[in-house]
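Undergrad: Once you've had a glance at the structure underneath, I'll fire off some questions.
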Amino acid sequence: MALVLNEEQAMLKESVKDFLNMKSPISALRELRDTNNPDGFDRSVWAEMAELGLTGLNISEEFGGLDFGYIGLGQALEEAGRTLAASPLVSTVLLSTTAINLCGSDPQKAMLLPELAEGNLIMSFAHEEKTHHNPTHVATTATLDGDFYTINGSKTFVLDGHVADKFVVVARVSGAVNDKEGIQLFLVDSNREGIKVNRTMMMDNRNAAKVNFSNTSISKENKMNLSCFEDLEKIYAIGAIGLAAEMLGSAQECFEKTIAYLKERQQFGVAIGSFQALQHRAAKMFIDIELSKSVVIKALKAIDTNENNLTEIASLAKAKLGQTLKLVSNEGIQMHGGVGMTDDVEIGFFIKRARVAQQTLGDYNYHLDRYAKLRGY
Amino acid sequence: MALVLNEEQAMLKESVKDFLNMKSPISALRELRDTNNPDGFDRSVWAEMAELGLTGLNISEEFGGLDFGYIGLGQALEEAGRTLAASPLVSTVLLSTTAINLCGSDPQKAMLLPELAEGNLIMSFAHEEKTHHNPTHVATTATLDGDFYTINGSKTFVLDGHVADKFVVVARVSGAVNDKEGIQLFLVDSNREGIKVNRTMMMDNRNAAKVNFSNTSISKENKMNLSCFEDLEKIYAIGAIGLAAEMLGSAQECFEKTIAYLKERQQFGVAIGSFQALQHRAAKMFIDIELSKSVVIKALKAIDTNENNLTEIASLAKAKLGQTLKLVSNEGIQMHGGVGMTDDVEIGFFIKRARVAQQTLGDYNYHLDRYAKLRGY
Amino acid sequence: MIDHLTEFRKETSAWLEENCPVSMRGQTKDIAELYWGGRNSDFTSEDQKIWFKRMHDKGWIVPYWDKKYGGGGLSPLENKILAEEMTRLRCKQPLFSFGISMLGPALLKFATEEQKGHYLKDIVDAKIRWCQGYSEPNAGSDLAGLQMKAVDKGDHYLINGSKIWTSYGDNADWIFCLVRTNTEVKKQEGISFLLIDMNSEGVEARPIQLISGKSAFTETFFDDVKVPKENLVGELNKGWTIAKYLLTHERQMIGGIGEADQKFSTRDVVVDAVGLHNGVLNDSILRTELVTHEMNLAIYDMTIERAIDEAKAGNNSGAASSLFKYFGTELNVEAMEIIMTAGGMDELAIEGEATSNGFIAKRFLRSKGNTIEGGTSEIQLNIISKNILGLPSK
Amino acid sequence: MIDHLTEFRKETSAWLEENCPVSMRGQTKDIAELYWGGRNSDFTSEDQKIWFKRMHDKGWIVPYWDKKYGGGGLSPLENKILAEEMTRLRCKQPLFSFGISMLGPALLKFATEEQKGHYLKDIVDAKIRWCQGYSEPNAGSDLAGLQMKAVDKGDHYLINGSKIWTSYGDNADWIFCLVRTNTEVKKQEGISFLLIDMNSEGVEARPIQLISGKSAFTETFFDDVKVPKENLVGELNKGWTIAKYLLTHERQMIGGIGEADQKFSTRDVVVDAVGLHNGVLNDSILRTELVTHEMNLAIYDMTIERAIDEAKAGNNSGAASSLFKYFGTELNVEAMEIIMTAGGMDELAIEGEATSNGFIAKRFLRSKGNTIEGGTSEIQLNIISKNILGLPSK
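Chains as they are written, first to last, in the numbering used here: chain A, 8 to 384; chain B, 8 to 384; chain C, 59 to 452; chain D, 59 to 452.
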């Protein structure tokens, strides 16, 4: 599988780009923020995204999806990264749909995937419990009693949790906190009793939630089929790769805006882009972005071809993009100078998104550490 | 104690500088190398250094020294770093004399310090046993049998070991390898039976030796008084600070040579020092060197005023200078371009010395790790 | 001499003990809690008022200024002792004023005796609160490229243009500005230093919103503002000399912001957030970043100490200010990056229950401006390479 | 089409199996062990000679050159299959030649048909060993600033000057040079591309000693050397075009040196030297450096893969060569720094019993040249910022 897009994928990317530029430019995010939008995203744009098929990119045709695979979803995420579009793309399509694809029972798939493909469902993947991504730290419990599971525990950083119709909850049916064994996934409607959702607005103006489950009872048909810890790791790996694709889009846009500014801004009678110290820093960013493109496309393909080193390549992609986007968004502000520090221009939005994306599903340090472990040191 | 030199110290520094520029410029090191000098240093220059008083800088007047303290010795080392002078200054004056100052018995001091001050004795501190500096790793044993100790073990990286008249040997009288307890120092003449010395020429063209002790017997008066492990750590701390002073001299000289080259070398019709990318890199090196000056003088003063955070400040100095000299010597070659890679010019000598100094008495990583431990994490 | 100083310390200490109200002691958490003076400013407490008056009576609002300007006339050594005793007893500053720190040095060096008597006295009496008008939207690092015009109209100058990055411009009474008085010459040679009453008709200051949220900065607009000619400081068209002189002062102040502004130990925050295992930080990569930062910080402090000692020994070098501005702000940025990494997902929230409403996040974002304001890091590196290393221009 | 290629692979594989002597298989540890050809060169073994002759008879010394020049006339896909099969069976190259890799592309594109017939054939037949004469002592990165003069003397050029950094100049028969043929015009417009017989009177090549010890480089001196005018390749004064074309090739070669030249896995060396504790490297700082390096290396490989795929898809970009040169050499330097740190005191010895006589130390020192030779890292960054990003010159 060559590391280039085929015609179909390239066309998809182009149409998503056009759509987002028109319907969800960075100014839209600013407006959501300034008007204190209760959803944190634009439901009408989300409906149009569904119409465009974006909600079904990673759903097979059998269930009403477009079956573009993750290379397709990656292109959409990359374009969404360019305009910093706020939408449930990550929470619902990248994470929850992936979980159902991998671990849903046949009836669960038959019931949920068509609804997801249509864009009728907003779902959140409720997994984190600590300040840092930690797959084995599951203190939330699910206790079987007759035909019902009772869920107890607190989740944090549940993306779009405040608007979710349904959660995929990572909970423990046996074992102790930090055991790899005994972890399971459950589908939980957000309107069940005993659920308390606190919206949290993050620095990138997107939303996560703290979700508390207190004796929340669900029928046992809502248990999914997580066969082993490696399945859960696979969901995280796919999530990390999808995020890396989104971060690649943000990094490219931020970089291009900065280069344009270097050509336009005059100081000391010349364009500041003529200063060699800035030129060399720009060239190094260019190299980082080219390297980033390679690891992202390689990683997306690895999902679709089901490579067995997916965890390793996911860490590679997420770590590299974390580093690239951090560099580019910091340099973006520095090279814009005082102007870059003002809320009036858009360059500052990238550094905010960079920080949140960095922490989502494991930061740079987490993935470096994991890569080293996978390499046996 | 202000972080500036007093008049006496400044004069000392000036006279060492003049002396070394005349008697031991970098070309002298090249000649020692090219003529395959059996000593690895010039004995007549060493005799003159003794006459100048350099061998007695850290010896009290009572024993015939100049009593300039470590701030004084630091200035001499710094100047020796500038001309990359090969001499037993580190092995004999910095390490062995310090050991005797701190742990010698009264008779040992009375016998050895005057000889050392006169420059009549070359001594080596034989401590390392592994590839990386490791104070607790002492496998060499000293077993008391009647009035004699029998020494067995192998030492590596014994600076100037091939010309040493006497060794200070770190050996274990009790306990197991890596125990802090049970370590002691012994004075051992290099001509005792059972000693095998293999000269090793290092990449900076100075010499270390592998020294093997096989049932080497010495009378018990040769045991020194190492009261505890902290005493040994103090010797290493002083050694690290002295080395940092030498490295500061090398870094400054290498930097100044590079700046001069930037002003002189023409490319594309202008001096390459007019290229802003190089200017900014030069400015950053300047900052690193200024910071390095501060930590070195602070650390040298801390020895003389017997500060109780000496270990901490020694790690600070050695780590910082390791990083600064590495940067400056790498940039020195890169900015000299192809010319810098040839043996014809002197800039390449600095990168060689940098690597050896880096590994002596703990490298950058070692001191970072230790500093973190001392800071409680 | 020494006897006199020992005596002075004793007396000062006793006086401070007796006269500084308890509520005027302790750490200053936020400069906003201090008394800033000015036409519209009032004391926030009776103690604050008492403290100001007592210090004012002693002449210790600006203890080292000459008595004829309302200062205390203290010698440098006496001033140092007073400062030390105030630190020891944790006395707060009686007046926080850009007039003292930023305008004062210029007036003392470049103003006429009449101007000094007038303006310095008003500063000491806290009658006038000053702000600074140097930067302009289109000038940026090319400060000398400023465009705000002052046209000679006989008895007054007519001002048109705007200034940006004026701290607390919306609360100040007067502004000291660099203005263009000649457009025909080399840019540095057509600049003058002018004092402008913010109450003048045509002046408007608007707050600037930063990426970190609300800020103390304003953009200030001047639309046909008339300024009396006697408000010129120094010679006409020689304002650049004054600006350069003051910038060196400002650079030193901002370089120091790093620590002064930071109300917590980076080490403690990180160790708290990440935890130890067998006495070693749980995240080994972060541990390396933290120890590198702590070493940098320790060496930075030693360099300040050395610079002070060198200055005392008469080896003053202008080099220092660019070095401190560059490295001090880099350290601050480094600290905030480390703290954000340590805080993880918790520190991303800027709004919501059970969050700190972005206390750290906003500081993190604000820190990105440190390497820009007061002369960008790039400008500092230019200064070092040109002025200190003597590297050639093209 | 596919059938033909499958068939070709099968035949090729069978032929190689049968014709490649066992001693001509296996990893090439040092390019010096290969056959280099030339007037003074001899085969080092009978097998080497047999292998050369058999490949030569097939036309597979340069399989993708046209048959009329002594090549094999293979299509790009056939050539790829042959290369793959040789790699799979670990067959060594029958001839290592700068004539093939460095001069060939220039001759194919710029030489006359007569020159091609003559020089390309001699390369394939291993009669002439070539070396390259571009750099000059005073030119450095400013390659176009070269000074070696070729003066038109009617039937010949008279050459005076010197070249530096010529690899194996002391073993080569001929040298291809850039020479100055016009001093009156813009520097790039007065350069020509000339072929010179090293046997000519007045040519002398002296080896260069590097900081890492002996090297393959020479400095080559030309003192009143006469060169026939027909040795000019391409148009007079148009040599810069040829040089730029060839430099892109060279950059790609050197960018790849990093891995090709390295006979060991950095990871294995480090783990061996430093050791593990509970499966984690004993030095946590070095661990971070190593994993960063390994990640960079993996992503570098992916980028090569992507560039090849992009090229196949017709999206060829000249950008790639500067990126690979820059990043590939940085990676090599990074690897050697890590290995030296891991090796500790042991790897400092360059002479002495029980030492490896500086095997690693010399490689470490030599690696410092990677970011200089073939266009410095700075030049690559200039190329990227100007040619790709379109940033303006002053």
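In this text, a Cβ means the ideal position worked out from N, Cα and C, and glycines have one as well.
#1: Can you check whether the C-beta of THR224(C) is within less than 8 angstroms of a C-beta belonging to chain D?
#2: Tell me which residues of the region 381–399 of chain C have at least one Cβ-Cβ distance to chain D shorter than 7 angstroms, keeping chain order.
#3: From SER34(B) to THR299(D), what does the alpha carbon distance come to, in whole angstroms?
#4: Of all Cβ atoms in chain C, is any one closer than 8 angstroms to the Cβ of ASP370(A)?
#5: From ASN3(B) to CYS235(D), what does the alpha carbon distance come to, in whole angstroms?
#6: Give the straight-line distance between the Cα atoms of SER199(A) and THR387(D), rounded to the nearest whole angstrom.
#7: Between PHE357(B) and ILE158(D), what straight-line distance do the alpha-carbon atoms span, to the nearest angstrom?
#8: Would the region 169–185 of chain A count as touching the region 139–146 of chain A if we require 3 or more Cβ pairs under 8 angstroms?
#9: Does MET243(D) pass the burial test, meaning 16 or more other C-beta atoms within 10 Å, or should it be called exposed?
#10: Given that GLY10(C) touches chain A, what residues does it touch there, using C-beta distances under 9 angstroms?
#11: CB-CB under 7 angstroms to VAL327(C), same chain, minus the five flanking residues each way: which ones, in chain order?
#12: Is the region 400–420 of chain D touching the region 207–215 of chain B in the sense that three or more CB pairs, one from each, lie closer than 8 angstroms?
#13: Determine whether the Cβ of ARG345(D) lies closer than 8 angstroms to any Cβ atom of chain C.
#14: Answer with yes or no whether the minimum CB distance from VAL23(A) to chain C is below 8 angstroms.
#15: Name the residue from ILE242(A), VAL165(A), PHE293(A) whose alpha carbon lies nearest to the alpha carbon of ILE446(D).
#16: In the region 332–366 of chain C, which residues sit with their C-beta less than 8 angstroms from some C-beta in chain D, listed in chain order?
#17: Using 8 angstroms for Cβ pairs, my map puts GLU7(B) next to LYS24(B). What's the rounded Cβ distance?
#18: Which first and last residues belong to the alpha helix (DSSP H) in which VAL349(C) is found?
#19: Along chain C, which residues have their Cβ under 8 angstroms away from the Cβ of LEU10(B)?
#20: Please report whether the beta-carbon of ILE358(B) lies at a distance below 8 angstroms from any beta-carbon of chain C.
#21: How about LEU140(C) and PRO163(C): do their beta carbons lie closer than 8 angstroms?
#22: Can you list, in chain order, the residues of its chain whose CB lies under 6 angstroms from that of GLY81(B), leaving out five sequence neighbours each side?
#23: Short of 7 angstroms in beta carbon distance, which residues of its chain neighbour ASN222(A), apart from the five on each side in sequence? Order them along the chain.
#24: Between which two residues does the alpha helix (DSSP H) containing PHE101(D) stretch?
#25: Can you tell me the Cα-Cα spacing of THR42(A) and SER51(A), whole angstroms?
#26: Please list, in chain order, all residues of the same chain as SER435(C) whose beta carbon is under 6 angstroms from its beta carbon, the five residues on each side excluded.
#27: Just the Cα atoms here: how many angstroms apart are TYR93(D) and PRO79(D)?
#28: Since ALA92(A) and SER257(A) should fall inside the 8 angstroms C-beta cutoff, what is the C-beta to C-beta distance between them, to a whole number of angstroms?
#29: What is the rounded straight-line gap between the Cα of ILE310(A) and the Cα of ILE442(D)?
#30: Closer than 8 angstroms is the cut-off here; do at least three beta carbon pairs connect the region 363–381 of chain A with the region 239–253 of chain A?
#31: Strictly by DSSP, which residues pair up with CYS149(C)?
#32: What number of angstroms, rounded off, separates the C-alpha of THR70(D) from the C-alpha of CYS149(D)?
#33: According to DSSP, is HIS134(A) helix, strand or coil?
#34: So GLU240(A) contacts chain D; which residues on that side make the cut at Cβ distance below 7 angstroms?
#35: Are the C-beta of GLN274(A) and some C-beta of chain C separated by less than 8 angstroms?
#36: Could you check the C-alpha separation between ILE357(C) and ALA324(B) for me, to the nearest Å?
TA: On the basis of the data shown:
#1: no
#2: none
#3: 43 angstroms
#4: yes
#5: Any question about residue 3(B) goes unanswered here, given that chain B covers just 8 to 384.
#6: Correcting the residue identity first, residue 199(A) is Arg in this sequence and not Ser. Approximately 59 angstroms, taken between the alpha carbons.
#7: 39 angstroms
#8: yes
#9: Contrary to the premise, residue 243(D) reads as Val rather than Met in this sequence. Burial call: exposed.
#10: A question about residue 10(C) goes unanswered here, because the residues of chain C that appear run from 59 up to 452.
#11: ILE397, ALA400
#12: yes
#13: yes
#14: no
#15: PHE293(A)
#16: SER342, ILE343, ARG345, THR346
#17: With chain B running from 8 to 384 in the structure shown, residue 7(B) is simply not present.
#18: 342–370
#19: MET360, GLU363, ARG364, ASP367, GLU368
#20: no
#21: no
#22: ALA252, LEU307
#23: THR157, ASN159, GLY201
#24: Note, PHE101(D): premise wrong, no alpha helix (DSSP H); not H, not E.
#25: 16 angstroms
#26: TYR384, THR429
#27: 14 angstroms
#28: Going by Cβ atoms, the distance from ALA92(A) to SER257(A) rounds to 10 angstroms, so no, they are not a contact pair.
#29: 32 angstroms
#30: yes
#31: ARG83(C)
#32: 12 angstroms
#33: coil
#34: The contacting residues do not exist; GLU240(A) stays about 18 angstroms from chain D at best.
#35: yes
#36: 9 angstroms
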